[in-house]
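Chemist: This is the structure I want to talk about, given as C-alpha cells.
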Amino acid sequence: MNDLLRRMLFLPPQGSTVAGDIDQLHYFVIITTFILSTLIGLSAFFFFFRYRRRRVGQLTAKVEPTLWFELLVIGLPTFFFLLWAVIGYRDYIRIVTPPANSIDVYVMAKKWMWKFAYPDGPNSIAVLRVPAQRPVRLLMTSRDVIHSFYVPDFRIKQDVVPGRYTQAWFEATQPGRYQILCAEYCGVGHSTMWGEVIAMPPDEFDAWITHERQGLGQRRDIGELSTTPTEIDPASNLAVQGRQIAASQGCFKCHSIDGSPHIGPTWLDLYGRSERLASGDYVTADEGYITESMMDPRAKIVLGYDPVMPTYQGRITAPETAAVIEFIRSLRRPEPGAAPSLTYPPAASSRIGLPAPRGPVPPTAPASLGGSVTGVLNQAPATRDPARSAPETPPPTQNISPPRENTATPQPAPSGGRAP
Amino acid sequence: MSAEGGPRVGVGVAEAGAHASRVAHHFQDFEQQRHAARFGMWLFLGTEVLLFGGLFVAYAIYRVAYGDAFHEASCLLDLKLGTTNTVVLITSSFAVAAAVHYAHHDQKWPTVVSLLLTIGMGLAFLGIKSVEYAHKFQEGALPGKYYHFEKVQEPGASMFFTVYFFLTGLHAIHVIIGLSVLSWLAWRAIRGDFKGGYDLPVELGGLYWHLVDIVWIFLFPLLYLA
Amino acid sequence: MSEPHAEHHYLNHETTVWSWLGTRDHKRIAIMFLVLVLIALFLGGMFAMALRIELLTPAPDITDALGYNQLFTLHGIVMIFLFMIPAIPSVFGNFFLPLMIGAEDVAFPRLNLATVYIYVLGASLALWGMIHGAADTGWTFYTPYSTTTITKVVPILIGAFILGMGSIFTGLNFIVTIHTLRAPGLTWMRLPLFVWAIYGTSIIQVLATPVLGLTVLLVAFENAFGFGIFDPARGGDPILFQHLFWFYSHPAVYIMVLPAMGIISECVACFSRKNYFGYRAIAYSSLGIAFVGFFTWGHHLFVSGQSAYDNGAFAVLSMLVGVFTAIKVFNWVATMYKGAISFRTPFAYICGFLFFLVFGGMTGVAVATVGLDVHWHDTYFVVAHFHFIMVGAVIMAFLAGLHYWFPKMFGRMYPEGWGLVSAVLIILGFNATFIPQFLLGNMGMPRRYFHYPERFQALNIASTAGASLLFFGFLIIFIYLLLAFRYGARAEHNPWHSRGFEWRTSSPPHPHNFTRQPVFTHGPHEYNRPLEESDDVR
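Chains as they are written, first to last, in the working numbering: chain B, 1 to 420; chain C, 421 to 646; chain X, 647 to 1184.
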C-alpha cells in the first residue's frame, strides 16, 4: 500500500527513518484533499443539471444557511486542518531534533559546491560518506549567500545561512547513494549545486574513516618534512615547471585542475574555452586573456566568480607566466571536441549528474569521482606539495589528488584546528 | 442627504452654500468631502507608521543581538544636540497646531505667522541634524563598510550607525516633505485661500507635521537615550 | 430596455487623447489599467513560455543559466507587481466599486489618475532595469544574494517601491470611498460581496505595502552602498529581510486572491440566479482572511532555521486562512442549490475557479503542515501550489469578470461559442501545465532550476505541453475580445438579467454613472422577488 501510493505520487524512495512517517501524513492529506475536491466538484456539477435555468427572468427561492450547515462548514475543515497541523508538527519536531548519539559533520556551502568536514578529518567536496543506520547531524553554514541542503530521499531540507549555523540530521535506513540538491536559489550555478550522500554499512564506514585519518596523518608528516622551497628543474618539461610555479604561487588555492568547482574557474579545459564574462561579453581564454587575468585580474571577471584574485604583476616573471600558461594548455580532457561550458563543469556532471545507482557501495570501489584526467598531470608528481593537499583531499578513490588548498575558506572550528 | 430619486446635479449647491465651489461633483456636500479627506489622511499616516515600523523592527532585532555595542554607540551621540532638536520639533508642533486653530477661525495673518514659525523651526531642526551628521562623517561613525570609528569597535557597532542613519535619514526626508507642504500652505495662506471655514488643507498639513514630530519622539529615546 | 448605444456614455462622451490621459473618470482609468495590465500579462506570459521551452531538456536550449535566472525573475516581477496586484482592484475595482455603491466616482479622482502614472513610471523603471542588465535575483530579492549580485537590481527595486506607492493609493482611495460615498440606503450589510472583497484587499494594500516599500529600499541601499543592514559580514541578518519581505508578500497573495473571490461571489449569484448563500459568512471571511493573512508570513521561513515554536504558531495560523477559504467555497457551491443555472462562459470559469481554488487551497494547507513542508519547501510543489492559486484562481476570476462585465464596460457581447472553447482549453491546459509540477515537487525538483537531473524530464515535457495549450487559449481570448470590442453584437443594458447593483445603470454607463440619485432598499442579487422601480437608475 505504502509503496503503491508512493509511486502514484511520484515520491522518491524512503531513504531515512523519518521519510515513512512523513509520507503517511502526505497520503492522509492528499487523499482527503482529493475526496473533498471531488465532492465539491460533483455537487456543483449536480446542481448545474438539477437546477438548470428554465426561463429568462426566473425567480428563485431565497435560501438561508442553517446553523448546522454553518457549524459543519466551519468545523469540518478546522478539525482536519488542525489535526494535520498537530501531526505535521510532531513529525517536524522529530526532523529537527537530532538524537544524542549522532555523529557530527560540518557542512560549508558556497557558490556552488558542498564541502563536508568530519571533526577529525577527512574533508571532502560534494560527497558525504556516512554510516547507514546511524544518525548523522549536519552543522551547516554558508560562505556567501543562502543555500539549502536538500536530500529528497531523506525528506529533509534546511537552509544554509551565512553568518550562522543551522543544523539538520538524518539516519539513512540502508546503504546507498542519495542525491543532495541545493534548494535555495543562489545564482548561475544553483541548479548544478549537487552532491551525494553515500551511506555505507557502518563497519565499512568505520574502516574507511580510520583509513582516511591514517592517510591524513602520514601526508601531514611528509608535509612537515618538505618545507624547503620547491626547486624548479630547468630541464623538465615546461608544463611541469608551470605546475610547480602555479603551486608555489598558490594558484591552487582558488583554481582546481580537475574540473571541480572552486573559488576561481577551473583550469581543466580552460585553454581555448569561450567564457562568459560578468559584463555579459564572451572571451576566449587564450594566452592573451590568461596573461591579462594574471596581471590585471579584475579587468575581465568570468561570470559567477567574485573579483577576489590578486594581481601577479611583478610577482611572476615572463618565462614563468609562459610556463603556467603551458601548464594550463596541457590540462585537457581526452575526448576531442568536447566543449565544456561554464554551466556544466563536465567533471561535476560526470561525478554527480547521472542518476546514481542505488544499493550498497563498497568503500574501496572506484567511484566515478574525478574521472580520468590525462595529460601532463598524470605524469607529474601527484603531490609535490603535499602539505597543501591535506585538508581538502577527496577520498582516496580518486585517481589523482591534485594539490588543492582552501585556506581562504573559514572552516568550521573543529576541522579548522586540524588544518596543517 | 438628498431626497430619493431627486436630481443629482446641484445637490451640493443646495446644501453646502458658500462651499459649493469647493465641493467636487461626486460628493454630496462639503461635510462629506471633509470627512473623506480627513479619513484619507489618517489612513495615509497609518501607512507612514508602518513604513517606519520595518526599521523599528530592525532596530529591535539588532538591539537584542548587539546590546552592548548599541549602548556604547548611543552614548557617543550628541545628547545636547539631540535634546535641542527634540525641543525644537515639539515646539514646532505647537506652532502648527496654532496655525490650524487660527485658520479655523479665519485669522489670516496669525495663520501665516504660525506656519512660518513652524517652517523656521523645521529648518532649524534640519540644520542641527546636519551638524550632527557632519560630526559623524568626520569621526567615521558611518554605516556598514564605511565605518571606521575608533571609539566603538565592538561587533555590531557599525550596525547601530546603519540603523541610526536609516532612521534619522528617513525621518529627515519626511521633515523635508513636511516643510514643502507647509511652505505651500503658507503661500496659500498669504494668498488668502483659507477663509469662510475652508481650512482643510491646513488641518491635513498639520496632521502630517504631527506625524513627523511623533516619529521623532520615538527616535530620540531609542537612539540617544538607549 | 431602451435602445442600446443610442445614448451618451463614458466612452463616447469625449474622444480626444487628452480626455483619456487626463481623465478623472474612474471608468476610463479602469480601462487604461485594463490595457496596461493586459500588456503586462502578455509580457509575463511570454517570459513564462520561454521558461517552459527552456525546461524541455536539462541542457541549455534557448538561453544559458544567467539568462534563465533573469527570465524567471522578470516573469515573477512582471506577473506579480505589474499584473496580479493591480489587475482586479485597479481594473474591475475601479470600474465597478463606485457603480456598485451608487457613487459618481471614487473619493479622490485625481489620486486615482495619479496611480495610473505611478504605475507607468514604476513599470517603466522596472522595464528599463530589465533591458539594462536584468536582475537575476528572483522576484523575492533574497539577501545576501540580491545585495551582492552583479546584475542591476536597483532600478527594479525602485520600480517596485513606486508600484507599491500606487498600490497604497488605490487601497486608500477605495477604503475612503466605501466609507464615505455609499448612496442612501446602502448599509454595510447590503454591500455587494465584491465590495466587501475589495474592502478587505484595500486594508491589506494600505497596511502591508509600506513595509515592502521600506524593505526594497533597504535592499537597494545595501546593493548600491553596502550599508550592511542585511550583510552577515557586518553583523546583519539576512533572515530579517525574509521576515520583512514576507510580511508584505504573504498578505500580497490575498491582495490578489480576495478580489478574485469577490468576482466569483458576484458571478455565482448572477449565473445561478440566486441570492448569495451565507452573505455574512462570505463577507466576514473576506475580512478574516485580510486579518489572519498578516500573521502567516512565517510559513515561508519554515526551513530557514527559525525557531520551532514560531513554526508551530505560523502553521496553525496559516490553517485559519484555509478555514476561511473553505467557508467561502461551501457557500458558493450552496448558492447554486435551488438556483436557475445558466452555463455561460463566466460560469465555466467559475467551475474552473472552484476546482483550482479547492485544489490549490488544500495543497496550501498541505504545505502549511510544517512536517510535510520540509520536503516540499522551495520545490516545484510550491510552484504548482501558488500557480494554482494565482493563475488558477485569480486568472479564472479575472476572465470570468472580463466576460461577465464585458457588455457592461463596452456595450458589446463577446462570441459565446469561442468563449466556451477557450475556457475549456485554458482549464485543461492549466491542469496539464501544473499537475505535472506537483508531481515534480513530490519527486524533489527544486524551483529555479535551469539544469535538472534527467529523471525529471518527462514531467517537464508534459508541463510545457500544457503551457502551450494555455498559451493558445489566451491567444483565442485575446483575439475574439479585440474583435468583439470593435465588431461584437450590441449588448442590451443588462444581458444577464443580473441584479447586481452595477447593472442598474446603462451599459456602458453614463459619464457620471447615473442620471438620478440611486437609492437602495435591499441587497444585491435578490432573485426571490419581482423587480422594483427603484432598481433601475438609467
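Where is the CB? At the ideal position from N, CA and C, for every residue including glycine.
(1) Apply the 10 Å Cβ neighbour rule to residue 243 of chain B and answer buried if 16 or more other Cβ atoms are within range, or exposed otherwise.
(2) Where does residue 113 of chain B fall in DSSP's three states?
(3) Mind checking the stretch 169–180 of chain B against chain X and listing, in chain order, the residues whose C-beta falls within less than 9 angstroms of any C-beta there?
(4) State buried or exposed for residue 616 of chain C, treating a residue as buried only when at least 16 other CB atoms are found within 10 Å of its CB.
(5) Under the three-state reduction of DSSP, which class applies to residue 869 of chain X: helix, strand or coil?
(6) Using a Cβ cut-off of 8 angstroms (strictly closer), state whether residue 833 of chain X contacts chain C.
(7) Taking Cβ positions, are residue 1015 of chain X and residue 29 of chain B nearer each other than 8 angstroms?
(8) What residues in the stretch 1014–1026 of chain X bring their beta carbon closer than 9 angstroms to a beta carbon of chain B?
(9) Could you check the C-alpha separation between residue 599 of chain C and residue 553 of chain C for me, to the nearest Å?
(10) Check whether the stretch 566–576 of chain C touches the stretch 481–499 of chain C, counting contact only when three or more Cβ pairs, one atom from each stretch, lie closer than 8 angstroms.
(11) Taking the runs of the beta strand (DSSP E) that are 3 residues or longer, which of them lie wholly in the stretch 945–1008 of chain X?
(12) Below 7 angstroms on C-beta distance, what does residue 512 of chain C contact in chain X?
(13) May I ask you to report which of helix, strand or coil DSSP gives residue 811 of chain X?
(14) Contact criterion: CB-CB distance below 8 angstroms. Does residue 976 of chain X meet it with respect to chain B?
(15) Listing by chain order, which chain B residues have their CB less than 7 angstroms from the CB of residue 946 of chain X?
(16) With 8 angstroms set as the bound, which would you pick, yes or no: does the beta-carbon of residue 275 of chain B sit closer than that to a beta-carbon of chain X?
(17) Which two residues bound the contiguous alpha helix (DSSP H) that contains residue 733 of chain X?
(18) Note down the Cα distance separating residue 196 of chain B from residue 951 of chain X, rounded to an integer number of angstroms.
(19) Report back the beta-carbon spacing between residue 985 of chain X and residue 51 of chain B to the nearest angstrom; my notes put them in contact at under 8 angstroms.
(20) Which value, in whole angstroms, describes the spacing of the CA atoms of residue 484 of chain C and residue 604 of chain C?
(21) List the residues of chain X whose Cβ lies closer than 8 angstroms to the Cβ of residue 578 of chain C, in chain order.
(22) Residue 475 of chain C versus chain X: which residues are under 7 angstroms apart at the beta carbon?
(23) Enumerate, from N- to C-terminal direction, the unbroken beta strand (DSSP E) stretches of 3 or more residues contained entirely within the stretch 128–183 of chain B.
(24) Name, please, each residue of chain C whose Cβ falls closer than 9 angstroms to the Cβ of residue 856 of chain X.
(25) Looking only at its chain, what residues have a beta carbon closer than 8 angstroms to the beta carbon of residue 277 of chain B, apart from the 5 residues adjacent to it on each side?
(26) Taking 8 angstroms as the threshold (C-beta atoms), are residue 163 of chain B and residue 878 of chain X in contact?
(27) On the premise that residue 41 of chain B lies in contact with residue 1001 of chain X, defined as a C-beta separation below 8 angstroms, what is that separation, rounded to the nearest angstrom?
(28) Compare the Cα-Cα distances from residue 317 of chain B to each of B:249, B:307, B:264 and report the closest residue.
(29) From X:1145, X:1034, X:804, pick the residue whose C-alpha is nearest to that of residue 727 of chain X; which is it?
(30) Note down, in chain order, each residue of its chain lying with its Cβ closer than 7 angstroms to the Cβ of residue 1033 of chain X, except the 5 sequence neighbours on either side.
(31) Taking its Cβ as the centre, do 16 or more other Cβ atoms sit within 10 Å of residue 362 of chain C, making it buried, or is it exposed?
(32) Would you decide whether residue 774 of chain X is buried or exposed? Buried here means 16 or more other CB atoms lie within 10 Å of its CB.
(33) Quick one: Cα of residue 769 of chain X to Cα of residue 809 of chain X, how far?
(34) Using a Cβ-Cβ cutoff of 9 angstroms, what residues of the stretch 441–461 of chain C are near chain X? List them in chain order.
(35) Which of the three DSSP states, helix, strand or coil, is assigned to residue 801 of chain X?
(36) Just reading off the beta strand (DSSP E) that residue 451 of chain C is part of, what are its end residues?
Modeler: According to the structure shown:
(1) Residue 243 of chain B comes out buried.
(2) Residue 113 of chain B falls in the strand class under three-state DSSP.
(3) Cβ contacts with chain X: 179.
(4) Taking every protein chain shown into account, the CB of residue 616 of chain C has fewer than 16 other CB atoms within 10 angstroms, so this residue is exposed.
(5) Correct three-state label for residue 869 of chain X: helix.
(6) By this cut-off, residue 833 of chain X is not an interface position.
(7) Result yes, Cβ atoms of residue 1015 of chain X and residue 29 of chain B sit closer than 8 angstroms.
(8) Answer set for the stretch 1014–1026 of chain X: 1014, 1015, 1016, 1017, 1018, 1019, 1020, 1021, 1022, 1023, 1024, 1025.
(9) In this structure, the alpha-carbon of residue 599 of chain C lies about 20 angstroms from that of residue 553 of chain C.
(10) Contact between the stretch 566–576 of chain C and the stretch 481–499 of chain C is present: 3 or more CB-CB pairs across the two stretches fall below 8 angstroms.
(11) With a minimum length of 3 residues, no continuous beta strand (DSSP E) run stays inside the stretch 945–1008 of chain X.
(12) For residue 512 of chain C, there are no neighbours in chain X by C-beta distance under 7 angstroms, as the nearest C-beta there is about 24 angstroms away.
(13) Looking at residue 811 of chain X - three-state DSSP - the assignment turns out to be helix.
(14) Cβ-Cβ to chain B under 8 angstroms: yes for residue 976 of chain X.
(15) The premise fails here: residue 946 of chain X is roughly 11 angstroms from chain B at the closest Cβ pair, so nothing lies under 7 angstroms.
(16) With a threshold of 8 angstroms between beta carbons, residue 275 of chain B makes no contact with chain X.
(17) That residue, residue 733 of chain X, is in no alpha helix (DSSP H); it is neither H nor E in DSSP.
(18) Cα-Cα distance, rounded: 22 angstroms.
(19) Between residue 51 of chain B and residue 985 of chain X the Cβ distance is about 5 angstroms, and since that is below 8 angstroms, they are a contact.
(20) Using only the alpha carbons, I get a separation of about 42 angstroms.
(21) The CB of residue 578 of chain C comes closer than 8 angstroms to the CB of 874, 880, 881 in chain X, given here in chain order.
(22) Under the 7 angstroms cutoff, chain X gives 860.
(23) Segments of the beta strand (DSSP E) lying fully in the stretch 128–183 of chain B: 136–142, 147–151, 156–160, 166–170, 176–182.
(24) Simply 466, 467, 468, 469, 470, 471, 472, 473, 474.
(25) Beyond the five residues adjoining it in sequence on each side, residue 277 of chain B comes within less than 8 angstroms, by CB distance, of 283, 300, 301, 302, 303 in the same chain, given in chain order.
(26) Contact check for residue 878 of chain X against residue 163 of chain B passes: the beta carbons are separated by less than 8 angstroms.
(27) Sure, about 6 angstroms apart at Cβ, within 8 angstroms.
(28) Comparing Cα-Cα distances from residue 317 of chain B to each of B:249, B:307, B:264, the minimum goes to B:249.
(29) Checking every option, the nearest Cα to that of residue 727 of chain X belongs to X:804.
(30) Excluding sequence neighbours, residue 1033 of chain X sits near 1080.
(31) As shown, chain C starts at 421 and ends at 646. That puts residue 362 of chain C outside it, with no answer to give.
(32) It counts as exposed.
(33) Each residue's Cα considered, the two are about 7 angstroms apart.
(34) From the stretch 441–461 of chain C, only 444, 445, 446, 447, 448, 452, 453, 455, 456, 457, 459, 460 have a Cβ closer than 9 angstroms to chain X.
(35) Residue 801 of chain X: helix per DSSP, three-state reduction.
(36) For residue 451 of chain C, there is no enclosing beta strand (DSSP E); the residue is found in the alpha helix (DSSP H) stretching over 450–485.
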